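The numbering of the sequence shown is the working numbering, which starts it at 135 and goes up by one. Written below as structure tokens is the structure these notes are about.
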Amino acid sequence: MPLKGIPSDKSILKVNKIIEYDEKLLLLDKKSSNLLVFTLNGDFIKIIGVKGDGPEEYKSINDFSVHKNRNEIIILDYESMLFYDLNGNFKKKVYLGSNLYPNSFSILDDNHIAFNVSVNGNENYKILITDIHGNIKGREAKFPESGKYLNFAFTGGMNGDGLDTYYNAPTSSLVYKIIPPADLSPLYQLNFGANTWPENKKYNHQEFDKEIMGLNVSYLNHSYKITSDWFIFSYTDKNRILYGYYNINNQQVYTSNTIKKSQRLIRFLLPVPIGVDSNNRFINSIEFETFLSFKRNDSSEFMKGLKKFNLDLYSALEKMNYDNSIILTFYQLK
């Protein structure tokens with residue numbers, strides 16, 4: 135689905151996140167700090183919010199979400215949450231603090247929001263939980279085993295898809311669900327190859343950091359999307375960012391390590407998705423530069439495979455150019 139009618143001064147550099155709600159698509163472009171609204175057919179409608187330093191403006195957009203029970207759109211700035219109605223009308227700004235540097239957030243329930251933060255100062259925590267008014271309700275998150283806290287200096291983080299919120303520690307391949315206000319419940323144990331860091335060593339950070347420097351270990355990143363059947367995640371294997379697909383029904387992990395070089399079409403079409411639609415399909419975005427890089431590297435073989443795979447997608451990509459071409463793909467894993 136090509137995106138159409140985007141004003142020239144609002145060109146999309148990269149689509150980072152998509153939420154389908156109220157029969158519309160909301161798209162976040164973090165590079166240009168724009169939250170754009172489209173019809174379900176890809177026609178541009180409007181921009182949400184105004185960039186600036188005013189009391190009703192944001193300096194940049196780090197993340198956004200939709201509070202579906204309150205029918206509100208929430209934009210996350212460096213220091214604040216900005217609330218809008220579904221028509222994009224500004225409602226209020228809630229100040230969070232000047233030393234938190236939140237980079238993502240997820241709505242836990244009607245009254246709790248979890249933020250992935252990079253605290254500036256002597257305190258060392260990654261999760262901050264507030265109520266809808268910005269009042270702090272919890273820091274960190276307790277791990278079920280003996281209430282231990284971990285050092286989150288290297289990786290790990292919080293990510294949500296608007297329904298449930300998931301968390302992983304840097305040295306663990308166990309994914310937790312956040313239970314408000316500040317508890318964790320183990321959800322998925324992921325194994326993505328021989329280099330997966332052992333779970334019984336997840337508190338041994340010095341050894342973990344040493345193995346990372348030697349490019350001897352694989353570990354989870356904090357990018358997830360989930361449907362009723364699949365949990366998709368990204369992980370770093372030595373020095374490569376790869377993708378994993380966890381089948382919830384048979385508890386099997388499939389990774390991009392198993393995709394052969396001859397199957398680059400799959401690598402092109404199936405990275406970690408940036409959204410899930412109302413038909414339980416994953417959504418991905420293809421920018422013109424991404425398409426060009428694959429086309430150059432694989433020349434005619436890539437285009438031949440694409441033409442056989444989906445003629446409509448092949449035709450749409452062939453028409454792409456530098457004039458703000460963005461195509462959304464919708465797919466289900468089998």
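From the three backbone atoms N, C-alpha and C, an ideal C-beta is built for every residue, glycine too. Keep in mind it's a predicted model, so treat the numbers as computed, not measured.
Alpha helix (DSSP H) segment containing residue i, residue limits
i           : result
residue 342 : 339–347
residue 445 : 445–452
residue 398 : 398–403
Span of the beta strand (DSSP E) around residue i
i           : result
residue 204 : No beta strand (DSSP E) holds residue 204; DSSP gives it neither H nor E.
residue 374 : 374–381
residue 322 : 317–323
residue 262 : 261–265
residue 249 : 246–251
residue 270 : 270–273
residue 387 : 386–389
residue 370 : 364–371
residue 354 : 352–360
Simplified DSSP state of residue i, which is helix, strand or coil
i           : result
residue 467 : coil
residue 211 : coil
residue 305 : coil
residue 287 : Unreliable positioning characterises residue 287 in this predicted model, as indicated by a pLDDT of 38, which lies under 50. A coordinate reading is not provided.
residue 440 : helix
residue 335 : helix
residue 425 : helix
residue 221 : coil
residue 431 : helix
residue 300 : strand
residue 232 : coil
residue 136 : strand
residue 242 : coil
residue 455 : coil
residue 413 : coil
residue 237 : strand
DSSP beta-bridge partners of residue i
i           : result
residue 420 : 461
residue 406 : Its beta-bridge partners do not exist; DSSP assigns none.
Complete beta strand (DSSP E) runs within the region 140–199 (minimum length 3 residues, chain order): 151–155, 158–163, 168–173 and 178–182
Does the region 201–210 come close enough to the region 230–242 to have 3 or more Cβ pairs within less than 8 Å? yes
Can we say the region 458–465 touches the region 413–425, given the rule of at least three CB pairs closer than 8 Å? yes
At least three beta-carbon pairs within less than 8 Å, the region 336–356 to the region 300–316: yes
Stretch-stretch touch, CB-based, cutoff 8 Å, three pairs: the region 265–273 with the region 329–343: no
Pairs of beta-carbons, one from the region 159–174 and one from the region 139–149, closer than 8 Å: are there three or more? yes
May I ask you to verify whether the region 194–201 touches the region 172–180, counting CB pairs closer than 8 Å and requiring at least 3? no
Is it a yes or a no for the region 397–406 touching the region 358–373, going by three-plus beta-carbon pairs under 8 Å? yes
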